[in-house]
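Report on one structure; see the data block that follows.
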Amino acid sequence: MDALDALLQAIGDQTSVLVKKSKGKASVLREQLNYRNKRAKMKARELKDIGDRFVSYAGERLKERASRAKKRASQLRESWAKSEPIQACWKAHEGTTGRIVKELSKHSNSLKAVVKAHAASHEKIVKDIADRTKQRKRKARGLKRATSV
61 MDALDALLQA IGDQTSVLVK KSKGKASVLR EQLNYRNKRA KMKARELKDI GDRFVSYAGE
121 RLKERASRAK KRASQLRESW AKSEPIQACW KAHEGTTGRI VKELSKHSNS LKAVVKAHAA
181 SHEKIVKDIA DRTKQRKRKA RGLKRATSV
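Converting from the sequence shown to the working numbering requires adding 60 to each position, the first position being numbered 1.
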């Protein structure tokens, strides 16, 4: 019996040693996992910060480009409105409006005559603008030929 008690005692001692060793390995593993988790969290924060900065920078650049595009469009619109063909068109249109009012007062029953007069004046305006454009192109071609010779 003493031998059996000694055997049970030895088995119990070995079991407790193995449990202590396994607890030690578990705690080492736990520490490693905690360390890796902290490192992963720090890296994730860094990546998030980089992403935030990138999005902020891209947003600022987009706003700046949109602002420049608006300014450029405004400048183009102003220069277009001030161009000679457009100014001529507006002047002709103002004169046409006056003639239309006169026609309406003369022929209040004849709307067709008024529409015809208005359409004819628009055709004249378009033709004048086309003629001026052709003249400018001819001049430009002549200047190019003269400078290239």
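Glycine included, C-beta positions come from ideal geometry on N, C-alpha and C.
- Short of 6 Å from the beta carbon of V186, and not among the five residues preceding or following it, lies no beta carbon of its own chain.
- In terms of Cβ geometry, A152 and S181 form a close pair [threshold 8 Å].
- With respect to the C-alpha of P145, the residue from L107, K184 and A129 having the closest C-alpha is K184.
- I110 and E120 have their alpha carbons spaced roughly 15 Å apart.
- For M102, the enclosing alpha helix (DSSP H) covers residues D62 to K142.
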